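Which chain is which? The protein sequence lines are A and B, in order. The letter at position 83 of the first sequence is residue 118 when you use my numbering, and the numbering goes up by one with no holes. The letter at position 67 of the second sequence is residue 551 when you use my numbering, and the numbering goes up by one with no holes.
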Amino acid sequence: MDIRLVDYESTTAAALDIIGLRKAIANQTSGLRPNDFPRSPLKTWIGRIPEVDDIQLGEWQSRNNALAALGLEQGTIKSTIDSLIKRFSATRIGVVMGSSTSSIDRTETAYSHLDSEGRLKPEYRQPQVHNPHAPSLFVAHYTGIKGPALTINTACSSSAKVFATGARWLNSGIVDAVLVGGVDTLCLSVLHGFDSLQLVSTEPCKPFDQHRDGINLGEAAGYAILMRPEDTATDLGVKLAGYGESSDAYHMSHPHPDGLGARLSMQQALDMSGVPAEMVGYINLHGTSSRANDLIEGQLIGNMFPRSTRCSSTKAWMGHTLGAAGITESLIAVEALRRGLMPGSMNLDQLDEHLDLTISAENIQGDLAHVMSNSFGFGGNNCTLLFSKAEQ
Amino acid sequence: MSKTSLKTEPKSFSCKVISFGAWGDGFESWNELVELIEKKGATLKEGTSSSKGPKPEVIPANERRRSPLPVRLAVETSWQATQAANIDPKELTCVFVSGFGDTQLTDYMCKVLATESKELSPTKFHNSVHNAAAGYWTISTGCEKAANSVAGFQDSVSLTLMEAMIQCQQEKKPILLTFFDAPVSTVLTDIMGNGSSFSFSMIIAPDDTLYAGLKLNDKEVFLTAKVIAESSCWPDLVNVHSDIEDCYTNNPSARILSLVELLRGVGDKSRTFPMGQHSSLGLSIV
């Protein structure tokens with residue numbers, strides 16, 4: 036497979052744009068802070084983006100849409116979309132957004148302001164916002180893209196799977212470019228939902244550490260523009276070379292104990308790209324910092340890849356951004372591929388004694404030809420993406 | 485780089501249609517749904533209730549008790565479709581869609597989160613993910629294939645048909661599609677007024693010798709689609725009971741009924757469904 040990335044952007048608690056994220060990674064500066072999310076008394080750390088708070092969108096108002104808009108205002112992503120609309124027409128460009136919360140933050144707010152009869156107040160009567168497709172509806176509206184727009188909601192694998200769908204749409208010829216993205220915002224549902232499952236840490240997360248005790252939640256928006264190679268006069272020299280999608284068939288909120296689905300998705304991505312495991316130089320792991328995920332994922336990596344493959348989880352920079360994690364971490368892997376700086380697994384002091392893989396807290400320099408990113412979600416929903424250097 | 489003439493003509497894509505499953509207010513199988521579609525004056529079957537919903541046998545009993553109505557709707561029709569095609573569910577990539585999602589669980593969560601304690605049930609929280617149906621289906625059947633869960637609001641049917649047909653063609657794999665929506669919670673009814681349960685499943689396969697044995701009642705039926713750069717509206721149904729008409733209007737997943745008419749030769753030989761405000765999906769049967 037050869038699908039090119041022509042532009043991308045990332046907005047997280049670590050940095051508002053990809054240039055800032057590059058610096059935050061190089062300097063190992065985290066965007067995590069003690070929980071100060073309104074109305075949430077939980078003792079934990081979160082990756083909140085305060086700049087989202089003041090964005091007003093009228094009938095489209097929600098925290099999730101506000102973050103989607105903030106993300107689209109960073110870097111060159113919107114001007115790239117505008118030039119593609121001029122070149123191909125707006126109906127020949129697609130949108131595929133991934134999200135786990137869509138705009139449920141707005142529904143939560145609406146429910147805390149119901150009128151005396153228990154009904155939605157007029158300002159919250161927003162059918163286009165209170166539904167799972169809200170992210171793509173809003174992004175199509177905001178960008179002027181008029182081609183097919185679909186939302187993928189597979190929990191924490193959502194915005195990894197957008198690349199697979201985008202690639203299929205391009206290969207089928209129904210569009211000439213696809214804006215893929217992911218957006219998820221902090222809200223009470225995820226903070227208190229993950230707390231109900233006893234998965235939230237009271238301290239900054241420590242993925243793969245012997246003493247890790249849970250996740251930190253975060254919010255993020257990420258975008259990439261995908262095209263067929265024959266249509267790109269200039270691109271970034273990076274291609275999506277393969278993807279894997281699988282199911283654990285095990286449990287709604289616990290990973291398969293042997294990582295069966297995760298193994299399948301990684302193997303499929305290797306097979307589709309034709310890249311042998313030993314050629315993968317860096318893997319951005321799902322690495323949530325939960326006891327179960329990191330043990331199972333870490334053991335699998337130790338079994339499937341040689342010690343020359345370096346790995347890390349970057350969740351200590353911005354937290355687990357759920358439906359936006361797939362694209363956020365794919366873009367971090369792509370940055371490593373382009374710039375030869377592999378992020379460390381920040382906050383790692385002592386590797387889990389059951390694990391044997393090449394991972395360190397420090398960033399490492401090195402030339403890379405192929406990188407991977409793993410995303411695993413509730414429902415046992417797995418996606419792996421493999422990116423390679425491509426001739427420009 | 486200049487545009488090529490190839491791109492100005494919409495490319496079509498097609499798949500074989502293999503089998504169906506259906507469950508809703510007034511019908512509990514594909515055959516009962518067909519009767520409603522084809523026979524004038526057919527009456528809705530008594531005894532089905534949207535509040536209770538189906539009890540799909542494929543979900544283990546202890547899990548079934550905890551599974552929400554939308555999940556049971558989706559799993560029931562998915563199971564019917566795989567049984568009708570005599571296909572092992574483990575062999576099927578799947579795509580699940582709900583236009584409004586599980587608004588009863590949204591209602592539960594938002595009400596609890598509006599209280600001081602904010603103590604959510606962990607089971608209800610993990611069931612609240614949009615891919616709960618895909619999760620329960622793959623867990624119940626042992627399916628390790630790709631399972632997608634998508635959303636397209638009012639145009640969920642057209643967008644999901646397009647997505648699944650392209651995946652079928654590109655990956656050369658048979659695919660289970662399931663469209664399902666349950667009654668909307670009281671608070672959200674003011675903005676999304678669906679009061680009916682409806683679920684429909686369909687298995688499609690690529691036109692490939694590997695899948696030559698897969699047929700719809702011993703016939704090869706091909707569904708062909710193309711993306712059209714024009715707006716359109718959902719077509720009126722031709723010949724149905726008025727209760728089904730209400731369901732078609734208000735339940736995003738029930739819009740598959742227009743495709744059911746097409747597949748059964750009721751009305752026009754082709755259909756155009758909206759995909760957002762500016763694009764449409766043109767469908768025809770060969």
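C-beta atoms are modelled at their ideal positions from N, C-alpha and C, and glycine is treated no differently. This structure is a prediction, so every number in the text was calculated from the model and none was measured.
The Cβ atoms of residue 178(A) and residue 90(A) lie no closer than 9 Å to each other.
C-alpha of residue 166(A) to C-alpha of residue 137(A): approximately 7 Å in a straight line. Only 759, 760, 762, 763 from the segment 751-770 of chain B bring a Cβ to less than 7 Å from some Cβ of chain A. Beta bridge pairing from DSSP links residue 280(A) with 418(A). Interface criterion not met: the Cβ of residue 273(A) is under 9 Å from no Cβ in chain B. In this structure residue 630(B) does not touch residue 500(B) by the C-beta definition: roughly 19 Å separates them, more than the 8 Å allowed. When 8 Å is used as the limit between beta carbons, residue 633(B) is near these residues of chain A: 187, 188, 189, 414, 416, in chain order.
Within 7 Å of the CB of residue 609(B), the CB atoms of chain A belong to 228, 231, 232, in sequence order along the chain. Counting only Cβ-Cβ distances below 8 Å, residue 499(B) has no contacts in chain A at all, with the closest Cβ about 12 Å away. Collapsing the DSSP output to three states places residue 584(B) in coil. In its chain, beyond the 5 residues on either side, 682, 731, 732 have a beta carbon closer than 6 Å to the beta carbon of residue 738(B). Counting only runs of 3+ residues, the beta strand (DSSP E) found wholly inside the segment 247-317 of chain A occupies 255-262, 273-282, in chain order. Chain-ordered, the chain A residues with CB closer than 7 Å to the CB of residue 651(B) read 203.
Close to chain B, meaning a Cβ-Cβ distance shorter than 8 Å, are the following residues of the segment 289-314 of chain A: 295, 296, 299. Around the C-beta of residue 418(A), 16 or more other C-beta atoms lie within 10 Å, and the residue is accordingly described as buried. Residues of the segment 364-387 of chain A that bring their beta carbon within less than 9 Å of a beta carbon in chain B are absent altogether. The beta carbon of residue 254(A) sits no closer than 9 Å to any beta carbon of chain B.
In this structure, residue 310(A) lies near residue 421(A), with their beta-carbon atoms less than 9 Å apart. Residue 683(B) has a beta carbon lying at 9 Å or more from every beta carbon in chain A.
Interface annotation, residue 39(A): not in contact with chain B, CB-CB separation never under 9 Å. Here residue 54(A) is exposed: its Cβ has fewer than 16 other Cβ atoms, across all protein chains shown, within 10 Å. Along the segment 208-229 of chain A, going in chain order, the ones with a CB nearer than 7 Å to a CB of chain B are 208, 209, 211, 223, 224, 227, 228.
Taken in chain order, the whole beta strand (DSSP E) runs of length 3 or more contained in the segment 54-109 of chain A are 80-82.
Within the DSSP bridge table, the entry for residue 355(A) names 252(A) as partners. At a cut-off of 9 Å between beta-carbon atoms, residue 143(A) makes contact with chain B.
With respect to chain B, the C-beta atom of residue 104(A) has no partner C-beta closer than 9 Å. The continuous beta strand (DSSP E) containing residue 708(B) extends over residues 705-712. Proximity of residue 178(A) to chain B, defined by a Cβ-Cβ separation below 9 Å, is not satisfied. Pairing residue 314(A) with residue 570(B), the inter-Cα distance amounts to about 42 Å.
Between residue 764(B) and residue 715(B), the beta carbon gap of about 7 Å places them in contact (Cβ cut-off 8 Å).
Annotated three-state conformation of residue 342(A) is coil, per DSSP.
When Cβ-Cβ separations below 9 Å define contact, residue 83(A) makes no contact with chain B. Ranking 348(A), 405(A), 374(A) by CA distance to the CA of residue 396(A) puts 348(A) first. Contact annotation: residue 79(A) and residue 226(A) have beta-carbon atoms nearer than 9 Å. The beta carbons of residue 613(B) and residue 663(B) sit no closer together than 9 Å. Cβ contact annotation for residue 231(A) (same chain, cutoff 8 Å, sequence separation greater than five): none.
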